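Accompanying notes for the structure given below.
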Amino acid sequence: MQAPAIQLKRWPSQQPLLFVILVTLIWFSLYQALTSVSEALVATLPVAREGHLGGALQFFFYDTPKVLLLLTGIVFVVGVVHTFVSPERTRAMLTGKRLGVGNVMAASLGIVTPFCSCSAVPLFIGFLQAGVPLGVTFSFLISAPMVNEVALALLFGMFGWKVATLYLVLGLTVAIVAGMVIGKLDMGNHLEDWVREMQNSQAVNAGEVTSMNWGKRIDSGISHVREIVGKVWPYIIAGIALGAGIHGYVPEDFMASVMGKDAPWWSVPAAVAIGVPMYTNAAGIIPIIEALMGKGAVLGTVLAFMMSVIALSAPEMIILRKVLKPRLIATFAGVVALGILLVGYVFNAVL
Amino acid sequence: MLNIKVLGTGCANCKTTVKLIEDAARAKGVTIELDKVEEIKDIMSYGVMSTPGVVLNGKVVHAGGIPSRDKVELWLAGV
Chain A
94 MQAPAIQLKR WPSQQPLLFV ILVTLIWFSL YQALTSVSEA LVATLPVARE GHLGGALQFF
154 FYDTPKVLLL LTGIVFVVGV VHTFVSPERT RAMLTGKRLG VGNVMAASLG IVTPFCSCSA
214 VPLFIGFLQA GVPLGVTFSF LISAPMVNEV ALALLFGMFG WKVATLYLVL GLTVAIVAGM
274 VIGKLDMGNH LEDWVREMQN SQAVNAGEVT SMNWGKRIDS GISHVREIVG KVWPYIIAGI
334 ALGAGIHGYV PEDFMASVMG KDAPWWSVPA AVAIGVPMYT NAAGIIPIIE ALMGKGAVLG
394 TVLAFMMSVI ALSAPEMIIL RKVLKPRLIA TFAGVVALGI LLVGYVFNAV L
Chain B
422 MLNIKVLGTG CANCKTTVKL IEDAARAKGV TIELDKVEEI KDIMSYGVMS TPGVVLNGKV
482 VHAGGIPSRD KVELWLAGV
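One line per chain: the protein sequences are A and B, in this order.
When the count follows my numbering, it moves up by one through the first sequence with no breaks and lands on 444 for the last residue.
When the count follows my numbering, it moves up by one through the second sequence with no breaks and lands on 500 for the last residue.
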């Protein structure tokens with residue numbers, strides 16, 4: 094009985110084109126069927142569709158598969174993209190780049206370079222070692238966790254492409270500008286001493302990526318899905334369940350006075366201040382945000398909250414403390430928080 | 422004897438990698454010397470930027486993410 098299973102497992106790498114076409118078709122037909130299936134599901138349950146519970150259930154049954162589908166699709170594509178970009182290659186591209194151009198490149202590469210927050214420090218030093226300027230390195234370090242595929246997939250799924258694009262553009266802007274400011278402040282002497290000694294020391298280049306065929310790239314897309322979706326799905330379901338609860342039970346406009354249009358000026362800084370010590374990934378926070386917005390919170394305040402949760406966190410500061418002296422950490426956190434704050438205000442003013 | 426070092430600051434992926442190599446070695450009946458390198462300075466001396474990284478007899482053979490089981494078995498086979 095094992096033979097067919099193994100064949101099935103090897104199939105994507107043997108016929109990558111056929112696999113991609115077929116999976117894409119299945120994906121789209123599932124996506125099309127979402128609303129009717131979720132309505133049908135709620136209809137079979139003994140609850141009133143118009144009631145609190147009915148509303149909450151429909152939200153849950155519709156959002157969960159929708160978000161998981163979008164996430165799977167985007168994570169797969171990103172997994173394939175990752176096979177073209179390695180941190181080593183990114184570093185080589187950034188070496189010797191000036192402030193400005195370098196920051197823009199670093200922030201953009203931050204989106205597509207495989208990055209795990211636990212690699213932040215080795216990456217940081219690796220960049221400096223190869224002669225990437227400090228400010229440019231920071232642009233990368235800010236953009237990589239904040240503007241990532243999970244955040245974009247979820248925003249797209251819940252708020253549509255406009256909000257996802259705005260988040261992308263603003264996230265990049267914060268990363269670029271914050272990196273340039275840190276670069277201009279010339280804080281190289283606030284790196285820990287052993288890190289300064291390593292700066293520009295011509296890094297050893299570890300095993301370059303071997304060339305891959307499409308079968309291998311598809312395989313790594315699949316394993317990326319297994320790794321990421323396998324890790325975040327409980328957060329998403331918990332987040333959506335919480336969101337569904339808010340959706341069904343918390344009265345309309347409850348949030349309006351605190352996070353809404355006519356909220357006092359301090360609501361944006363307060364959102365950021367609450368967000369910084371919180372540490373969760375995009376997957377856990379976005380469903381809650383959707384529910385908050387449904388209850389009258391405004392987008393700018395909510396996005397500022399989300400960015401501060403994802404981009405600045407206490408555990409990250411503690412890891413960075415190994416390579417940065419306190420003043421540089423404080424500057425980093427301050428500049429990024431300020432950038433997020435501005436994003437929040439601008440959003441609220443424009444929309 | 423094979424000497425394998427796993428480079429990583431102690432994140433979940435690094436632990437998974439260590440376990441994966443241990444399991445594969447046990448399954449294949451290969452005795453290996455497995456070290457964990459967790460100090461950032463030491464990790465950097467191998468030139469690895471993305472963890473977990475794997476060093477096989479002093480040579481970096483893998484970086485950035487959990488290696489596939491196939492890859493681990495190739496190392497153990499001494500290829």
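Ideal placement from N, C-alpha and C gives every residue a C-beta, glycine not left out.
It should be emphasised that the depicted structure is a prediction, and the values quoted were computed from it without experimental measurement.
Can you give the Cα-Cα distance for residue 387 of chain A and residue 155 of chain A, rounded to whole angstroms? By one-based count along the first sequence, residue 387 of chain A stands at place 294. By one-based count along the first sequence, residue 155 of chain A stands at place 62. In a straight line, the C-alpha of residue 387 of chain A is about 15 angstroms away from that of residue 155 of chain A.
Please list the terminal residues of the continuous alpha helix (DSSP H) segment that includes residue 193 of chain A. Residue 193 of chain A sits at position 100 when you count from the first residue of the first sequence. Where residue 193 of chain A is concerned, there is no enclosing alpha helix (DSSP H), given that its DSSP letter is neither H nor E.
Determine contact between the segment 431-439 of chain A and the segment 461-474 of chain B, defined as no fewer than three beta-carbon pairs at a distance below 8 angstroms. When Cβ pairs closer than 8 angstroms are counted between the two stretches, the segment 431-439 of chain A is seen not to touch the segment 461-474 of chain B, the count staying below three.
Verify whether the separation of the beta carbon atoms of residue 202 of chain A and residue 188 of chain A is less than 7 angstroms. Counting from 1 along the first sequence, the entry for residue 202 of chain A is found at position 109. Counting from 1 along the first sequence, the entry for residue 188 of chain A is found at position 95. Contact check for residue 202 of chain A against residue 188 of chain A fails: the beta carbons are separated by 7 angstroms or more.
CB contact below 7 angstroms: residue 315 of chain A versus chain B: Position 222 of the first sequence, counted from the first residue, corresponds to residue 315 of chain A. It does not; no Cβ of chain B falls within 7 angstroms.
Under three-state DSSP, which class holds residue 454 of chain B? Here residue 454 of chain B is taken as the residue at index 33 of the second sequence, counted from 1. Note: residue 454 of chain B maps to strand in three-state DSSP.
Rounded straight-line distance, which links the Cα of residue 312 of chain A to that of residue 327 of chain A: As a first step, residue 327 of chain A is located in the first sequence; it is residue number 234 there, counting from the start. As a first step, residue 312 of chain A is located in the first sequence; it is residue number 219 there, counting from the start. When only Cα atoms are considered, residue 327 of chain A and residue 312 of chain A end up about 24 angstroms apart.
Cα separation between residue 440 of chain B and residue 104 of chain A? Within the second sequence, residue 440 of chain B is the residue found at index 19, counting from 1. Within the first sequence, residue 104 of chain A is the residue found at index 11, counting from 1. Each residue's alpha carbon lies about 28 angstroms from the other.
Starting from residue 429 of chain B, trace the alpha helix (DSSP H) both ways and give me its first and last residue. As a working mapping, residue 429 of chain B is identified with position 8 in the second sequence. Counting along the chain, residue 429 of chain B falls outside any alpha helix (DSSP H), and DSSP gives it neither H nor E.
With a threshold of 6 angstroms on Cβ separation, who are the neighbours of residue 196 of chain A within its own chain once the five nearest residues in sequence on each side are excluded? To locate residue 196 of chain A, count along the first sequence from 1; it is residue 103. When the five nearest sequence neighbours on each side are left out, the beta carbons in the same chain lying within less than 6 angstroms of the beta carbon of residue 196 of chain A are those of 229, 232, 269, 272 and 273, in order along the chain.
The segment 252-268 of chain A contacting the segment 205-220 of chain A, beta-carbon criterion three pairs below 8 angstroms: With fewer than three CB-CB distances shorter than 8 angstroms, the segment 252-268 of chain A does not count as touching the segment 205-220 of chain A.
With a 10 Å radius around its C-beta and 16 neighbouring C-beta atoms as the bar for buried, classify residue 422 of chain B as buried or exposed. Position 1 of the second sequence, counted from the start, is the residue given in the question as residue 422 of chain B. Residue environment analysis places residue 422 of chain B among the exposed positions, since fewer than 16 neighbouring C-beta atoms fall within 10 angstroms of its C-beta.
8 angstroms contact criterion, which residue 235 of chain A and residue 404 of chain A should meet: CB distance rounded: Translated into the one-based positions of the first sequence, residue 235 of chain A becomes position 142. Translated into the one-based positions of the first sequence, residue 404 of chain A becomes position 311. Between the beta-carbon of residue 235 of chain A and that of residue 404 of chain A there is about 6 angstroms, and that keeps the pair under the 8 angstroms contact cut.
Within the segment 107-183 of chain A, ranges of the alpha helix (DSSP H) (whole runs, at least 4 residues): With a minimum length of 4 residues, the continuous alpha helix (DSSP H) runs that stay inside the segment 107-183 of chain A are 109-125, 127-137 and 145-175.
At a CB distance below 7 angstroms, what residues from the segment 401-426 of chain A approach chain B? Give them in sequence order. Cβ contacts with chain B come from 415.
Per-residue burial, residue 466 of chain B [other beta carbons within 10 Å of its own, 16 or more giving buried]: Counting from one through the second sequence, the residue named residue 466 of chain B turns up at place 45. Label assigned to residue 466 of chain B: exposed.
Proximity below 7 angstroms, CB of residue 457 of chain B to CB of residue 481 of chain B: Position 36 of the second sequence, counted from the start, is the residue given in the question as residue 457 of chain B. Position 60 of the second sequence, counted from the start, is the residue given in the question as residue 481 of chain B. Taking 7 angstroms as the Cβ cut-off, residue 457 of chain B and residue 481 of chain B do not qualify as a contacting pair.
Indicate whether at least one CB of chain B lies closer than 7 angstroms to the CB of residue 214 of chain A. Numbered from 1 along the first sequence, position 121 holds the residue referred to as residue 214 of chain A. So yes, residue 214 of chain A belongs to the interface.
Measuring only between beta-carbons, confirm whether residue 204 of chain A sits less than 7 angstroms from chain B. Taking the first residue of the first sequence as 1, we reach residue 204 of chain A at position 111. It does not; no Cβ of chain B falls within 7 angstroms.
Quick one, which of A:415, A:407, A:406 and A:383 has its alpha-carbon nearest residue 396 of chain A's? Here the question's residue 396 of chain A lines up with position 303 in the first sequence. Out of A:415, A:407, A:406 and A:383, A:383 has the C-alpha closest to the C-alpha of residue 396 of chain A.
Are the CB atoms of residue 433 of chain B and residue 497 of chain B nearer to each other than 7 angstroms? Your numbering for residue 433 of chain B matches position 12 in the second sequence. Your numbering for residue 497 of chain B matches position 76 in the second sequence. In this structure, residue 433 of chain B lies away from residue 497 of chain B, with their beta-carbon atoms at least 7 angstroms apart.
For the segment 456-475 of chain B, which residues have a beta carbon sitting closer than 9 angstroms to at least one beta carbon of chain A? Within the segment 456-475 of chain B, the qualifying residues are 461, 462, 464, 465, 466, 467, 468, 469, 470, 471, 472, 473 and 474.
DSSP state of residue 469 of chain B, grouped into three classes? Start at 1 with the first residue of the second sequence, and residue 469 of chain B comes out as number 48. Taken through DSSP and simplified to helix, strand or coil, residue 469 of chain B comes out as coil.
Can you list, in chain order, the residues of its chain whose CB lies under 7 angstroms from that of residue 448 of chain B, leaving out five sequence neighbours each side? Position 27 of the second sequence holds residue 448 of chain B. Cβ within range, chain order: n/a, list empty.
Return the first residue and the last residue of the alpha helix (DSSP H) that residue 427 of chain A is part of. Along the first sequence, one-based indexing puts residue 427 of chain A at 334. Taken as a continuous stretch (DSSP letters only), the alpha helix (DSSP H) holding residue 427 of chain A covers 419-443.
If you measure from the beta carbon of residue 479 of chain B to each beta carbon in chain A, is any gap under 7 angstroms? Here residue 479 of chain B refers to the residue found at position 58 of the second sequence. Chain A contact via Cβ: absent.
Going along the chain, which residues of its own chain have a beta-carbon closer than 8 angstroms to the beta-carbon of residue 289 of chain A, five neighbours each way excluded? Here residue 289 of chain A is taken as the residue at index 196 of the first sequence, counted from 1. Counting only residues of its own chain and dropping the five nearest sequence neighbours on each side, residue 289 of chain A has a CB closer than 8 angstroms to the CB of 281 and 282.
Residues within the segment 147-179 of chain A neighbouring chain B, beta-carbon criterion of under 8 angstroms: Across the segment 147-179 of chain A, CB contacts with chain B closer than 8 angstroms involve 179, in sequence order along the chain.
Alpha carbon of residue 207 of chain A to alpha carbon of residue 128 of chain A, nearest angstrom: By 1-based counting over the first sequence, the position of residue 207 of chain A is 114. By 1-based counting over the first sequence, the position of residue 128 of chain A is 35. Their Cα atoms are separated by approximately 34 angstroms.
Taking only three categories from DSSP, how would you classify residue 255 of chain A? Numbered from its first residue, the first sequence carries residue 255 of chain A at position 162. Note: residue 255 of chain A maps to helix in three-state DSSP.
Going by DSSP, what residue range makes up the alpha helix (DSSP H) through residue 364 of chain A? Position 271 of the first sequence, counting from 1, holds the residue named residue 364 of chain A. Membership of residue 364 of chain A in the alpha helix (DSSP H) is indicated by the continuous run 360-368.
Answer with buried or exposed for residue 425 of chain B, where buried requires no fewer than 16 other C-beta atoms within 10 angstroms of its C-beta. For the purposes of this step, residue 425 of chain B is identified with residue 4 of the second sequence, where counting begins at 1. In summary, residue 425 of chain B is buried, with 16 or more beta-carbon neighbours lying within 10 Å of its beta-carbon over all protein chains present.
Candidates B:488, B:492 and B:469, of which the one nearest residue 317 of chain A by Cα: The sequence position of residue 317 of chain A within the first sequence is 224, counting from 1. The shortest Cα separation from residue 317 of chain A among B:488, B:492 and B:469 belongs to B:488.
Residues bridged to residue 474 of chain B (per DSSP): The residue given as residue 474 of chain B occupies position 53 in the second sequence. DSSP lists B:428 and B:484 as partners of residue 474 of chain B.
When DSSP labels each residue in this structure, what does residue 505 of chain B get in the three-state scheme? It is not possible to answer for residue 505 of chain B, since the shown part of chain B is limited to 422 through 500.
Please look up how many angstroms separate the CB atoms of residue 239 of chain A and residue 276 of chain A, rounded, as I've assumed it's under 8 angstroms. One-based indexing of the first sequence puts residue 239 of chain A at position 146. One-based indexing of the first sequence puts residue 276 of chain A at position 183. About 18 angstroms separates the two Cβ atoms, so there is no contact after all.
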